[in-house]
Structures are given as structure tokens and as C-alpha cells.
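**Student:** FYI, in this note's numbering the residues of the sequence shown are 2 to 318.
Glycine included, C-beta positions come from ideal geometry on N, C-alpha and C.
Just so it is clear, the structure is predicted and the values come from calculations on it, not from any experiment.
First, the structure itself, so that you have it in front of you.
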Amino acid sequence: MRSLILCSCLLLGACAAQAPAPAPRPAFPADTEATSLFGEPLVSAALPADVRARREAQLAEARAAMEAAPDDPDALIWLGRRTAYLGRYREAIGVFSRGVLKFPQDARFYRHRGHRYITVREFDNAIEDLATAARLIQGKPDEVEPDGLPNARNIPTSTLQSNIWYHLGLAHYLKGDFGKALEAYRECLKVSNNPDMLVATTYWLYSTLRRLDQEDEARAVLAPIRPDLEIIENEGYFRLLRMIQGELPAEDLLKDAAGDLDPPTLGYGIGNWHLYNGRRDEAAKAFRQVLAGGNWPAFGYVAAEADLKRMGERPRL
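If you want it as C-alpha cells, here you go:
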């Protein structure tokens, strides 16, 4: 018996000696907010001094409002939103998590945390939160969602319900689950009641249908997209849909790209158009150009990452 035990111990010792050491964890910068789908650290870009000063002042106001009314869910939501606008996405997720614990029946906390889980590439967590939000709004009237970063006309263009379905569809799309993305975008279209939400939802709905090879239905969803639609803030999606309709040449879309979101939105849309039309090399090139732009929180950037990853391509040559 002692010989058997001794042999067993020697065998275990030999196995332990031969076991490979765990791979060292990458040394990411302390201010890393997320990890790309290719394993690279993502750090928030520095904001222009005037923008940062304004957003810091707004965050201070939100924090003061929260301290004055600690049981007000609106105050906690704005604290999270103002934190995220400074690129502090992990901290914002923590704020919304406090809201989930304190106000578990308030869909808004799941909606906003789900959005920021998409930003930091935690798609499963995003889906869980947004699906919870979708259950919580069932049978309830919709409500306009106030803008934290208002458009030029200071007119909000989205609602709580449209944002929940929109982000849920996007999270499924980014994971490559186009069937579930389709279900969410169809629900989103039901509450996309102005031209801006119509073009944004239609773009992703059309793209999802093309990924599912449902070209006839994809073509049908373009019917409400007319050149005379009055668009306030989603001009990028509108231009992409007009390109798909054959009204704008793809090579001209990026010439007039403005702001921070147009380049990744349009760049991804062009690559996506190439991809579902079978032009893989052109798609990969367009996606890499989006990533080269560096605006990693933008949905177009995240989608370009996700598609390159699924294609087995590298982020850069």
C-alpha cells in the first residue's frame, strides 16, 4: 500500500512539474475602459478642453442633484449618463448597477447599462439587461427620452422603448445572432415614429435581413425611405440608405462626413454593403479604415470589429 501511495505521489508530482505555467495577463494601462474583440486595450480619447470643462461641470451638477435627492431615480440616471459622456464607461456601469439594485422595476437603468455594456464589448451582459428592460416596458406607454448631448435643434428623436429595442437588436447583431436581431428590430420599427428613428432602425433592419439572405423583405423595408425626409441627427444612416437605394454613390459618402460619428457610421455602412454583396476584400478594407479612425465607442467601430473578427481577418495588415 505504501508503495502504491508513493508511486501516486510521484506521478502527481511529475504531472504538476510538466503542467504549463499560466500565461501572464497583459499589462494594460490603468485607464483602460474596455478590451477590443482582438484583445487590445481601449482607452478613452482626450476631449477638447472646452468640451471636457463643460461635461465636468455637468457631472458636478448631476452629482450634487444626486446627493440632494438620493431616492430620485432620475438623479441617479443622469449621474450615470454624465459619467459616460466623459468616457468613464466602467464607472457609469457601476452607477447604473446601483440603480438596478435600488430600482429593480425601472427599465431605464437596464436600458442605459445595456448600452454601456455594448460600448465595453460585453454583449451577453448587454443582451441580458436589454431583454429585462423589454420585459419591464410591456404594456406600458412609451416616453420620450431626453437627450444628454442635444442635437442642433435640441429636439429629442428617440424614446425609451425605441432605445431598448434598438440596442437589443444591435447587441444580437454584434454577436452574429441575426435571427434575434431581426425580432428586436421589428419591434423597434413599431416605435420608430419620427424620420430620425425610422432611418436608424431601417438601416440595421435592412442589414440584418441581408445577412439572413432575405433580399425581398430587405428591399420592402426601404419603401418609406424618401429623399424628402426631414432628418435632424441621423444623416449618416439616411445617406447609407440612399446609397443602398442607388441614389448616392458609395465613393462620395465619406467626402462630407462630419463630427465624430459620421466617419465610423458611414465607413461601416460601406464595408457592410460590400460584405453582404459578396465583396469580401473591399469589406475588410473598409472595416480596417474604420478601426484606423480610432473612435472605438462608436457603434460603427464596434460593428467593424465584430465583422472583421467573424471574417477571421486582422484589424490591420
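Are the CB atoms of residue 294 and residue 263 within a distance shorter than 8 Å?
**Tutor:** No, the pair does not count as a contact, with Cβ atoms beyond the cut-off.
**Student:** Sort 126, 76 and 85 by Cα distance to residue 103 and report the nearest one.
**Tutor:** Looking at the Cα atoms, 76 is the closest of the given residues.
**Student:** According to DSSP, what are the bridge partners of residue 35?
**Tutor:** BP columns for residue 35 point to 43.
**Student:** Could you please give me the residues that DSSP links to residue 160 through a beta bridge?
**Tutor:** DSSP lists 145 as partners of residue 160.
**Student:** How far does the alpha helix (DSSP H) with residue 68 in it reach, from first residue to last?
**Tutor:** Residues 50-69.
**Student:** The alpha helix (DSSP H) with residue 1 in it runs from where to where?
**Tutor:** Any answer about residue 1 is impossible in this case: the structure gives the chain only from 2 up to 318.
**Student:** Count the other CB atoms within 10 Å of the CB of residue 305; is the residue buried (16 or more) or exposed (fewer)?
**Tutor:** Classification of residue 305: buried, given that the 10 Å Cβ count is 16 or more.
**Student:** Restricting to Cα atoms, I'd like to know which of 48, 275 and 216 is closest to residue 89.
**Tutor:** Among 48, 275 and 216, the Cα nearest to that of residue 89 is on 48.
**Student:** Out of curiosity, what's the CA-to-CA distance linking residue 234 and residue 153?
**Tutor:** If you take the alpha carbons of residue 234 and residue 153, they lie about 8 Å apart.
**Student:** Enumerated in chain order, which unbroken segments of the alpha helix (DSSP H) with a length of 4 residues or greater are wholly contained in the stretch 209-297?
**Tutor:** Runs found: 216-222, 236-245, 263-277 and 281-294.
**Student:** What's the gap between the Cα of residue 318 and the Cα of residue 310?
**Tutor:** Roughly 14 Å between the two C-alpha positions.
**Student:** Looking at C-alpha atoms only, which residue of 162, 274 and 209 is the closest neighbour of residue 142?
**Tutor:** It is 162 whose Cα lies nearest to the Cα of residue 142.
**Student:** Rounded to the nearest angstrom, what separates residue 101 and residue 290 at their Cα positions?
**Tutor:** Approximately 38 Å, taken between the alpha carbons.
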